[in-house]
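K.L.:
A single structure is presented below for examination.
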Amino acid sequence: MALPMVAIVGRPNVGKSTLFNRIVGKRISIVEDVPGVTRDRIYAKADWNGREFHLIDTGGIEMRGADEVANLIRVQAQLAIDEADVIIFLVDGRAGLTEADREVADLLRKSRKPVVLGVNKLDHPKHHAAVFEFYELGFGDPVGMSSEHGGGTGDLLDEVVRLLPSGEDETYDEDVIRVALIGRPNVGKSSLVNALLGQERVMVSDVAGTTRDAIDSPLTVDGQRYVLIDTAGVRRRGKVYENIERYSVLRALRAIERTDVALIVLDGGEGITEQDKRVAGYALEAGRACAFLVNKWDVVEKDDKTAHRFEVEIREEFPFMRWAPVLFVSAKTRQRVHRILPLAREVAENHAMRVATSTLNTVLQDAAASVPPPTDRGRRLKILYGTQVAVKPPTFTLFVNDSELMHFSYERYLENRLRQAFGFEGTPIRLLIRTRS
């Protein structure tokens with residue numbers, strides 16, 4: 252189920268990054284008493300009373316800023332507003348209501364999104380009367396608070412959680428494989444969806460970032476039912492304002508949370524970028540089955556070793572995803588497009604694979620016999636037994652005599668032995684090491 256999005260917006264220097272850091276519980280955003288420090292949106296997962304959501308920090312909005320940086324910050328903040336389910340509108344209670352606050356309020360009213368108004372920097376009870384001035388903005392009861400000291404932030408989050416969507420998501424039968432095409436802008440995700448569907452179901456444009464919202468496209472191939480999740484939709488005409496590729500991460504997050512299989516689409520002509528690695532990292536962190544689709548392979552000048560060299564580069568740039576298969580395709584010419592869904596089906600089956608406990612322990616015993624477990628100060632690690640505790644991804648608990656004796660390199664060795672024994676191509680596997688009491 253996709254987590255809802257909450258964006259913190261406001262004019263410069265009202266304490267947005269300080270509030271962001273307090274809500275997520277760690278110092279992620281840079282905090283300085285200088286306007287414009289936060290230029291790009293920053294994302295983190297947050298939790299309040301058991302309700303999880305993504306929190307977006309944004310740069311200060313200056314509606315009248317003429318310089319390029321101010322314009323770019325405003326664009327990024329607008330993108331965050333577009334994506335958000337609830338908006339925290341932060342103002343400075345000590346500075347009072349300003350014309351800049353009114354301009355931001357006008358922008359938020361046009362979004363028609365639920366807004367919680369936080370009146371910040373009320374660090375002492377004697378300042379709390381300052382909230383009354385902000386009723387003028389028309390966003391209901393302002394919440395007096397201090398992001399620096401934490402006062403009132405609980406009341407603010409109570410109201411945010413109250414306004415979040417119910418969390419109900421479209422559900423599919425268990426036999427339906429949900430497949431998301433993720434990647435940076437303009438790598439051909441929508442073109443691949445159209446090629447798989449055999450029709451122009453999703454808007455396709457050469458302009459990077461044309462797609463906006465998730466579209467689910469059900470189809471059945473060889474008796475297997477799929478749902479293709481493309482981060483796709485139609486951008487408002489005349490407002491192709493995507494200048495920074497970080498926006499694709501937010502779309503990828505929503506798709507990843509709803510999918511079984513993440514197909515990471517790379518541009519064969521442009522090669523691998525940092526943004527590709529960032530998007531793939533979210534899929535890995537979420538524990539999804541994964542495969543790489545190298546699109547636009549028709550435009551690449553090739554010899555008999557080109558594909559091999561590109562795959563070696565993928566293995567080097569994504570070292571923790573060596574188990575993910577690679578398929579070279581072209582949405583334009585339909586080259587190997589027919590192999591995409593069978594590949595998704597294979598990795599989805601591996602993602603849901605269960606291993607019998609007796610078979611698992613035989614493999615673990617053989618692994619320990621081939622390469623003895625590590626020792627530390629005369630004490631040797633003993634793997635007592637293992638059991639599979641979850642699927643999607645396959646997760647195994649290994650009970651040992653002392654978990655602190657488990658070295659990460661030996662844990663990697665055990666993972667490799669499990670892959671040799673059971674395959675697990677296209678899926679991460681997780682090992683939980685527990686000391687048996």
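Take any residue in the sequence shown, note its place counting from 1, add 251, and you have its number in the numbering used here.
Think of the CB as a built atom: it goes at the ideal place given N, C-alpha and C, for glycine as much as any other residue.
1) Gly522 lies in the beta strand (DSSP E); which residues open and close that run?
2) Would DSSP call Asp333 helix, strand or coil?
3) When DSSP labels each residue in this structure, what does Ile680 get in the three-state scheme?
4) Along the alpha helix (DSSP H) that carries Leu635, what are the first and last residues, could you check?
5) Sorted by chain position, which residues of the same chain lie with C-beta nearer than 8 Å to Leu348's C-beta, five sequence neighbours on each side aside?
6) Whose C-alpha, out of Val545, Phe673, Glu562 and Leu504, is nearest the C-alpha of Glu536?
7) Please list, in chain order, all residues of the same chain as Asp424 whose beta carbon is under 8 Å from its beta carbon, the five residues on each side excluded.
8) With a threshold of 6 Å, establish whether the CB of Asn437 neighbours any heavy atom of the ligand SAM.
9) Counting only the same chain and skipping the five closest in sequence on each side, list residues whose C-beta sits under 8 Å from that of Leu373.
10) Beta carbon of Ile209, beta carbon of Leu649: below 7 Å?
11) Please list the terminal residues of the continuous beta strand (DSSP E) segment that includes Val370.
12) So what's Arg668 in DSSP terms, helix, strand or just coil?
13) Per the DSSP calculation, Pro469 is bridged to which residue(s)?
14) Excluding five sequence neighbours on each side, which residues of the same chain lie with their C-beta closer than 8 Å to the C-beta of Val640?
15) Exposed or buried, what is His621 when buried is set at 16 or more other beta-carbons lying within 10 Å of its beta-carbon?
16) Kindly indicate which residue of Gln329, Val257, Gly301 and Val355 has the alpha-carbon position closest to the one of Val265.
17) On a CA-only basis, which of Leu448, Asp511, Gln526 and Asp409 is nearest Arg596? Give me that one, please.
18) With H, G and I counted as helix, E and B as strand and the rest as coil, what does DSSP make of Ala697?
19) Less than 6 Å between C-beta atoms, sequence neighbours within five positions excluded: which residues of the same chain meet that for Pro469?
20) Would you say the segment 563-582 touches the segment 530-547, given that touching needs at least three Cβ pairs under 8 Å?
21) Would you check if the distance between the CB atom of Val530 and the CB atom of Lys440 is smaller than 7 Å?
22) Rounding to the nearest angstrom, what Cα-Cα distance links Asp333 and Ser362 in this structure?
23) Between which two residues does the beta strand (DSSP E) carrying Leu594 extend?
24) Evaluate Asp236 with the Cβ neighbour count: other Cβ atoms within 10 Å of its Cβ, from every protein chain shown; 16 or more gives buried, anything less gives exposed.
25) Considering only the alpha carbon of each residue, which of Glu521, Pro644 and Val651 lies closest to Arg630?
26) Beta-carbon separation of Ile634 and Leu611 under 7 Å?
27) Ends of the beta strand (DSSP E) at Leu432?
28) Take Thr686 as the anchor and find which of Leu632, Val412 and Asp308 has the nearest alpha-carbon.
29) Closest to Val472 by C-alpha separation, out of Gly261, Gly310, His589 and Gly674, would be which residue?
30) By a C-beta neighbour count over all protein chains shown, 10 Å radius and 16 as the cutoff for buried, is Lys556 buried or exposed?
P.N.:
Walking through what the data contain:
1) As a first step, residue 522 is located in the sequence shown; it is residue number 271 there, counting from the start. Where Gly522 is concerned, there is no enclosing beta strand (DSSP E), given that its DSSP letter is neither H nor E.
2) Within the sequence shown, numbered from 1, the residue matching residue 333 stands at position 82. Judged by DSSP in its simplified three-state form, Asp333 adopts helix.
3) In the sequence shown, counting from the first residue as 1, residue 680 sits at position 429. Three-state DSSP puts Ile680 in coil, outside helix and strand.
4) Counted from its first residue, the sequence shown places residue 635 at position 384. No alpha helix (DSSP H) contains Leu635, which is instead part of the beta strand (DSSP E) from Ile634 to Ala641.
5) Stepping through the sequence shown from its first residue, residue 348 is reached at position 97. Val342, Glu384, Phe385, Glu387 and Leu388.
6) Translated into the one-based positions of the sequence shown, residue 536 becomes position 285. Closest by alpha carbon: Leu504.
7) The residue labelled residue 424 in the question sits at position 173 within the sequence shown. Cβ neighbours of Asp424 beyond the five flanking positions: Arg476.
8) This structure lacks the ligand SAM; in fact it carries no ligand of any kind.
9) Translated into the one-based positions of the sequence shown, residue 373 becomes position 122. Here the set comprises Gly344, Arg345, His379, Ala381, Val382, Gly395, Met396, Ser397, Gly402 and Gly403.
10) What is shown of the chain runs 252 to 688, which leaves residue 209 out entirely.
11) Here the question's residue 370 lines up with position 119 in the sequence shown. From DSSP, the beta strand (DSSP E) with Val370 extends over Val366 to Asn371.
12) Within the sequence shown, numbered from 1, the residue matching residue 668 stands at position 417. It is helical.
13) The count along the sequence shown starts at 1 and reaches residue 469 at position 218. As DSSP reads the structure, Pro469 sits in a beta bridge with Val478.
14) As a first step, residue 640 must be located in the sequence shown, where it is residue number 389. For Val640, where only same-chain residues beyond five positions count, the Cβ hits under 8 Å are Thr646, Phe647, Thr648 and Leu683.
15) As a working note, residue 621 is residue 370 in the sequence shown. The sequence shown places Ser at residue 621, rather than the His named in the question. The residue is exposed, with fewer than 16 neighbouring Cβ atoms inside 10 Å.
16) Within the sequence shown, residue 265 is the residue found at index 14, counting from 1. When only C-alpha atoms are compared, the closest one is Val355.
17) Residue numbering aside, residue 596 sits at position 345 when the sequence shown is read from its first letter. Taking only the C-alpha atoms, the option nearest Arg596 is Asp511.
18) Nothing can be reported for residue 697: it is not among the residues displayed for the chain, which extend from 252 to 688.
19) Here residue 469 corresponds to residue number 218 of the sequence shown, with the count starting at 1. Excluding residues within five positions, the ones whose Cβ falls inside 6 Å are Val478.
20) yes
21) By 1-based counting over the sequence shown, the position of residue 530 is 279. By 1-based counting over the sequence shown, the position of residue 440 is 189. No, these two residues do not count as a Cβ contact at 7 Å.
22) Start at 1 with the first residue of the sequence shown, and residue 333 comes out as number 82. Start at 1 with the first residue of the sequence shown, and residue 362 comes out as number 111. In a straight line, the C-alpha of Asp333 is about 7 Å away from that of Ser362.
23) Locating residue 594 in the sequence shown gives position 343, counting from the first residue. Looking at the DSSP string, Leu594 is not in any beta strand (DSSP E); the run it does join, the alpha helix (DSSP H), is Ile591 to His602.
24) This structure cannot speak to residue 236, because the chain is shown only from 252 to 688.
25) The residue labelled residue 630 in the question sits at position 379 within the sequence shown. Comparing Cα positions, the closest option is Val651.
26) In the sequence shown, residue 634 corresponds to position 383, counting from 1. In the sequence shown, residue 611 corresponds to position 360, counting from 1. 7 Å or more divides the Cβ of Ile634 from the Cβ of Leu611.
27) Against the sequence shown, residue 432 aligns to sequence position 181. Its beta strand (DSSP E) spans residues Ile428 to Ile433.
28) Numbered from its first residue, the sequence shown carries residue 686 at position 435. It is Leu632 whose Cα lies nearest to the Cα of Thr686.
29) Counting from one through the sequence shown, the residue named residue 472 turns up at place 221. The candidate whose alpha carbon is nearest that of Val472 is His589.
30) Position 305 of the sequence shown holds residue 556. Looking at its Cβ environment, which holds fewer than 16 other Cβ atoms inside 10 Å, Lys556 is exposed.
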